[in-house]
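Q: Below is one structure. I have some questions about it.
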Amino acid sequence: MVLKIENITKRFGTFTAVNDLSLTIPEREMFGFLGANGAGKTTTFRMILGLMDSSDGRITWNGNPINYSTSRYIGYLPEERGLYPKLKVKEQIVYLARLRGMEKGEAQTELDKWLERFKVPEYANKKVEELSKGNQQKIQFIAAVLHKPELLILDEPFSGLDPVNVELLKEAVLDLKKNGSTIVFSSHRMEHVEEMCEHLCIMHKGSPVVHGSLRDIKKSFGKKNVVIHADFSLDFLKEYPGVIKHKKTAEGIHLQITGEEVAENLLKEIVPYGFIRKFALEEPSLNDIFIEKVGASYE
Amino acid sequence: MSKFWIILAHTYISKVKSKSFIITTAVTLLLIVGLTNLSNVMDYFNKGESGEEIAVIDESEAIFSPLKQQVEAVNEDIKLTQFTGDEDAAKEAIREGEYDGLLLVRLNSVNLPEATYHAMTIADTTIANEVKNSLQQLKTQLAATQMELSTEELAKLYEPVDFEQLALEENAKTEEELNQARGLVYVLLFVIYFSVILYANMIAMEVATEKSSRVMEILISSVSPIKQMFAKILGIGLVSITQMAVLLGVGYASMKQNLDTMQGGFFSYLGFGDLPLATLIYAVVFFILGYFLYSTLAAFLGSLVSRIEDLQQMITPMTMLVVAGFMIAMFGLGQPETTFITISSYIPFFAPMLMFMRVGMLSLPIWEPILAIAILIITIILLAIFGARVYRGGVLMYGRSTSFKDIKKALQLTKNE
Chain F
2 MVLKIENITK RFGTFTAVND LSLTIPEREM FGFLGANGAG KTTTFRMILG
52 LMDSSDGRIT WNGNPINYST SRYIGYLPEE RGLYPKLKVK EQIVYLARLR
102 GMEKGEAQTE LDKWLERFKV PEYANKKVEE LSKGNQQKIQ FIAAVLHKPE
152 LLILDEPFSG LDPVNVELLK EAVLDLKKNG STIVFSSHRM EHVEEMCEHL
202 CIMHKGSPVV HGSLRDIKKS FGKKNVVIHA DFSLDFLKEY PGVIKHKKTA
252 EGIHLQITGE EVAENLLKEI VPYGFIRKFA LEEPSLNDIF IEKVGASYE
Chain B
455 MSKFWIILAH TYISKVKSKS FIITTAVTLL LIVGLTNLSN VMDYFNKGES
505 GEEIAVIDES EAIFSPLKQQ VEAVNEDIKL TQFTGDEDAA KEAIREGEYD
555 GLLLVRLNSV NLPEATYHAM TIADTTIANE VKNSLQQLKT QLAATQMELS
605 TEELAKLYEP VDFEQLALEE NAKTEEELNQ ARGLVYVLLF VIYFSVILYA
655 NMIAMEVATE KSSRVMEILI SSVSPIKQMF AKILGIGLVS ITQMAVLLGV
705 GYASMKQNLD TMQGGFFSYL GFGDLPLATL IYAVVFFILG YFLYSTLAAF
755 LGSLVSRIED LQQMITPMTM LVVAGFMIAM FGLGQPETTF ITISSYIPFF
805 APMLMFMRVG MLSLPIWEPI LAIAILIITI ILLAIFGARV YRGGVLMYGR
855 STSFKDIKKA LQLTKNE
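Structure follows, in structure tokens:
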């Protein structure tokens with residue numbers, strides 16, 4: 002069950018939304034999609050789902066194209082949230098599940114389980130327009146996963162939720178992965194991708210700028226971070242060879258350096274000055290990589 | 455159950471269950487029952503009112519009693535009373551509500567009656583008219599007597615002329631048939647007009663609602679937009695048939711019951727006495743075709759807007775087409791054979807109403823309606839193919855503009871470059 006994206010390109014007139022994107026997402030993987038607004042994430046998702054045809058290239062899942070005959074095995078949470086405002090939660094979830102090929106009875110039992118899990122069993126007979134936005138999002142998440150899809154595509158699943166609900170949904174996503182779903186998701190939050198995904202891809206203006214496993218990306222990035230907390234002034238380190246960036250903090254300084262050996266030299270350099278409360282060599286965060294590659298702050 | 459039927463059933467059931475549908479149907483039913491029972495309703499309200507009482511001051515003293523006879527023979531609700539007093543006293547009596555009106559009659563210089571009628575208001579013309587008619591007859595009689603005409607001679611004068619219209623064309627409709635057909639076609643045209651506007655709007659609304667509530671993207675990821683569009687069109691089609699069946703059924707039953715009281719009146723003019731089967735069948739066929747034509751159009755127009763507020767603007771041109779077709783058909787009822795009408799009746803957007811009108815009014819060779827039906831079917835298929843492509847792109851398109859340029863954009867979205 003491999004999702005294979007081979008050299009896809011999507012052009013709208015003269016505008017190229019996605020440019021020559023190739024990805025392989027293995028079975029039971031959690032794959033993270035990052036990119037600024039307009040980077041081409043949603044367009045890519047729509048092409049994966051077959052809602053749009055790609056201008057070039059092809060997308061296969063398990064060797065077969067994805068179309069309406071495979072919709073039983075695919076779940077999709079669009080970025081634009083929406084349900085029928087006038088329908089009761091139960092009515093529309095069952096309707097949407099049946100359109101995915103589920104039996105009515107099965108859909109009802111599954112729905113009850115999910116509502117229980119999200120601690121909102123009383124919503125079954127409420128109209129969607131009566132629910133808060135966050136709760137509507139939970140309901141829509143249920144609609145996307147109720148039929149236990151083998152391939153689950155989540156477009157910004159956690160945006161607009163409070164921290165408690167983010168945790169609830171994260172757990173649910175991880176459980177789905179444990180039960181065998183392959184999950185592709187995009188997020189605005191670097192830490193979510195960092196925490197949940199083994200593989201990821203950063204898109205910039207339609208092109209993939211970085212992709213691969215999280216560990217490899219970090220390793221190949223080369224640069225590291227050093228955090229130093231000390232009682233004396235550390236300003237002189239700004240000009241130290243191998244230091245790329247610096248940021249003063251309340252307790253000391255954050256440095257970005259070109260490699261591990263610079264950290265060693267740094268430590269030797271500052272030891273004579275006095276007491277050092279903290280000296281830590283850290284892996285670069287995804288945020289650092291993103292800013293470096295996309296050239297702009299993300300959030 | 456296949457997805458097509460799931461959507462169809464869902465559309466049908468949620469629409470028929472909706473409050474707005476139930477209320478609209480109930481109100482219309484009430485109207486229909488009220489209309490078909492109009493004479494009963496009017497009788498009921500009139501029961502409480504005692505007739506009109508009119509004071510008469512007759513200067514000649516020769517007119518009052520024959521006039522009274524004459525008036526009361528025509529309408530027993532009007533009562534004439536000889537007033538003993540002068541004009542001012544009579545007017546005072548009217549103001550006090552004792553009488554409804556005052557009639558001053560006298561003989562003029564050539565010994566014929568003339569009269570003045572006074573009432574609080576003269577908005578109600580029925581009573582004055584009936585009195586006037588009676589007086590007119592009386593005058594005619596008096597004049598006849600003066601000229602020494604016998605009653606036979608008088609009758610001869612007033613006998614209506616025999617004037618019959620006969621069509622030379624073989625199996626052309628007779629005058630009586632035409633009058634009947636005109637009434638029936640008139641009513642059925644209204645039914646087609648209203649239902650096409652009503653249900654096409656309903657579809658556009660459905661689509662626009664799904665799109666504006668953004669549930670569309672989930673839907674199209676499970677079921678192809680084209681399947682959805684047609685399931686929806688058929689679903690609403692069934693809704694329309696349900697509503698029509700209820701309305702027509704109740705209307706027919708109610709009319710049947712009241713047929714005795716309406717015999718010879720307004721309704722026989724409409725030709726409901728015995729319905730010509732062919733006209734009814736054509737009505738059904740053209741209704742269905744008209745529905746499909748306009749609902750396909752409505753569905754793809756609905757798919758282009760992203761907010762409900764923009765919908766009206768988008769479908770106005772379509773509504774205009776329906777209205778234009780209806781206007782031409784109404785105009786054509788009086789002269790169905792003009793070239794303009796004939797040509798227009800082959801234009802697909804007008805054909806449902808115009809060809810139906812022609813086929814109802816004239817004795818057309820069978821190929822004419824068949825040709826129009828074929829043109830309609832081809833147009834529907836072309837529109838469906840084109841509409842389905844626009845729909846597929848349109849549902850993914852969100853933006854502010856509502857121009858027809860969007861159609862091009864929508865087509866581009868589905869295109870393989």
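If you're matching them up, the sequences are chains F and B in order. Our numbering puts the first residue of the first sequence at 2, with every later residue one more than the last. Our numbering puts the first residue of the second sequence at 455, with every later residue one more than the last. The beta carbon of each residue, even a glycine, is placed where N, CA and C say it ideally should be. From a predicted model like this one, the values you see are computed outputs, not experimental measurements.
#1: Span of the alpha helix (DSSP H) holding A597 of chain B?
#2: Where does R190 of chain F fall in DSSP's three states?
#3: Determine the DSSP secondary structure at T10 of chain F, reduced to helix, strand or coil.
#4: Taking beta-carbon pairs under 7 Å, can you tell me which members of the stretch 68 to 84 of chain F lie near chain B?
#5: Just to confirm before moving on: does the CB-CB distance between L50 of chain F and I154 of chain F stay below 8 Å?
#6: Under a three-way DSSP split, which group does G718 of chain B fall into?
#7: Helix, strand or coil for P679 of chain B per DSSP?
#8: Assign F617 of chain B to one of two classes, buried (16 or more other C-beta atoms within 10 Å of its C-beta) or exposed (fewer than that).
#9: On the premise that V525 of chain B lies in contact with V585 of chain B, defined as a C-beta separation below 8 Å, what is that separation, rounded to the nearest angstrom?
#10: I'd like to know if Y96 of chain F contacts chain B, where contact means its C-beta is closer than 8 Å to some C-beta of that chain.
#11: Whole angstroms are fine: how far does the CA of T579 of chain B sit from the CA of Y723 of chain B?
#12: Taking the DSSP output, what are the residues bridged to N226 of chain F?
#13: Quick one: what's got a C-beta closer than 8 Å to K593 of chain B's C-beta in the same chain, skipping five residues either side?
#14: List the endpoints of the continuous alpha helix (DSSP H) containing V747 of chain B.
#15: Determine, using beta carbons only, whether I476 of chain B comes closer than 8 Å to chain F.
#16: From A864 of chain B to A778 of chain B, what distance separates their C-alpha atoms?
#17: Between E629 of chain B and chain F, is there a C-beta pair that is closer than 8 Å?
#18: Rounded to whole angstroms, how far is the Cβ of M774 of chain B from the Cβ of L751 of chain B, which I believe are closer than 8 Å?
#19: Which same chain residues, not among the five before or five after S23 of chain F, have their C-beta less than 7 Å away from its C-beta?
#20: Could you check what DSSP says for S519 of chain B in three-state terms: helix, strand or coil?
#21: Cβ atoms of S187 of chain F and K42 of chain F: under 8 Å apart, would you say?
#22: Report buried or exposed for R812 of chain B, applying the criterion of at least 16 other Cβ atoms within 10 angstroms of its Cβ.
#23: Taking Cβ positions, are V559 of chain B and A543 of chain B nearer each other than 8 Å?
#24: What does the alpha-carbon distance come out to for the pair E123 of chain F and L116 of chain F?
#25: Along chain F, in chain order, which residues have C-beta atoms closer than 9 Å to that of K471 of chain B?
#26: When burial is assigned at 16 or more other CB atoms within 10 Å of the CB, is E660 of chain B buried or exposed?
#27: Identify the continuous beta strand (DSSP E) that holds Y800 of chain B and give its terminal residues.
#28: Is there a Cβ from chain B that is less than 8 Å from the Cβ of P66 of chain F?
#29: With 8 Å set as the bound, which would you pick, yes or no: does the beta-carbon of D21 of chain F sit closer than that to a beta-carbon of chain B?
#30: Tell me the rounded alpha-carbon separation between P790 of chain B and Y736 of chain B.
#31: Measuring CB atoms only, is the stretch 699 to 709 of chain B touching the stretch 472 to 492 of chain B, in the sense that at least three cross pairs come out at less than 8 Å?
#32: Quick check: what's the CA-CA separation for S493 of chain B versus F810 of chain B?
#33: Using the Cα positions of L84 of chain F and L850 of chain B, report the straight-line distance between them to the nearest angstrom.
#34: Measuring alpha carbon to alpha carbon, tell me which residue in F:M2, F:T44, F:N266 is nearest G64 of chain F.
#35: Among B:K473, B:I508, B:Q600, B:N587, which has the Cα closest to the Cα of G551 of chain B?
#36: Helix, strand or coil: which one does DSSP assign to S208 of chain F?
A: Concretely, from the data shown:
#1: Residues 579 to 600.
#2: Three-state result, R190 of chain F: coil.
#3: DSSP places T10 of chain F in strand when its eight states are reduced to three.
#4: So the close ones are Y69, S72, Y77, P79, E81, R82, G83, L84.
#5: Their beta carbons are under 8 Å apart, which means L50 of chain F touches I154 of chain F by this criterion.
#6: Reliability fails at G718 of chain B, whose pLDDT of 48 lies under 50, so the model's placement of it is uncertain and the value that follows must be treated cautiously. DSSP places G718 of chain B in coil when its eight states are reduced to three.
#7: Of the three classes helix, strand and coil, the one that applies to P679 of chain B here is helix, per DSSP.
#8: It counts as exposed.
#9: Contact holds; Cβ gap of about 6 Å.
#10: Chain B, which has a Cβ nearer than 8 Å to the Cβ of Y96 of chain F, makes this yes.
#11: Caution applies to Y723 of chain B, whose pLDDT of 49 falls short of 50 and renders its modelled position unreliable; the model cannot decide the point.
#12: N226 of chain F is bridged to F:Q257, F:E283.
#13: These residues qualify, in order along the chain: L566, P567.
#14: For the record, residue 747 of chain B in the displayed sequence is Leu; it is not Val. Boundaries of the alpha helix (DSSP H) around L747 of chain B: 731 to 756.
#15: Not one chain F Cβ lies under 8 Å of I476 of chain B.
#16: It is roughly 28 Å from the alpha-carbon of A864 of chain B to the alpha-carbon of A778 of chain B.
#17: Chain F contact via Cβ: absent.
#18: The beta-carbon separation of M774 of chain B and L751 of chain B, rounded to 12 Å, does not stay under the 8 Å limit for a contact.
#19: So the list reads I6, E7, N8, once near-sequence residues are dropped.
#20: Reduced to three states, the DSSP call for S519 of chain B is helix.
#21: Note that the C-beta distance between K42 of chain F and S187 of chain F is below 8 Å.
#22: Counting Cβ neighbours within 10 Å, R812 of chain B comes out buried, since at least 16 surround it.
#23: With a cutoff of 8 Å on beta-carbon distance, V559 of chain B and A543 of chain B are scored as not near each other.
#24: Approximately 8 Å, taken between the alpha carbons.
#25: Neighbours of K471 of chain B on chain F: none; closest Cβ ~10 Å, over 9 Å.
#26: The residue is buried, with at least 16 neighbouring Cβ atoms inside 10 Å.
#27: Unbroken run through Y800 of chain B: none, as it is neither H nor E.
#28: Interface annotation, P66 of chain F: not in contact with chain B, CB-CB separation never under 8 Å.
#29: Taking Cβ atoms only, chain B never reaches closer than 8 Å to D21 of chain F, which makes this a no.
#30: Across the structure, P790 of chain B and Y736 of chain B are spaced so that their CA atoms are roughly 17 Å apart.
#31: Touching, yes.
#32: Going from the Cα of S493 of chain B to the Cα of F810 of chain B covers about 31 Å.
#33: Cα to Cα, the separation comes out at about 15 Å.
#34: Closest in C-alpha terms to G64 of chain F, from the list F:M2, F:T44, F:N266, comes F:M2.
#35: Taking G551 of chain B as reference, the option from B:K473, B:I508, B:Q600, B:N587 with the minimal CA-CA separation is B:I508.
#36: It is a strand residue.
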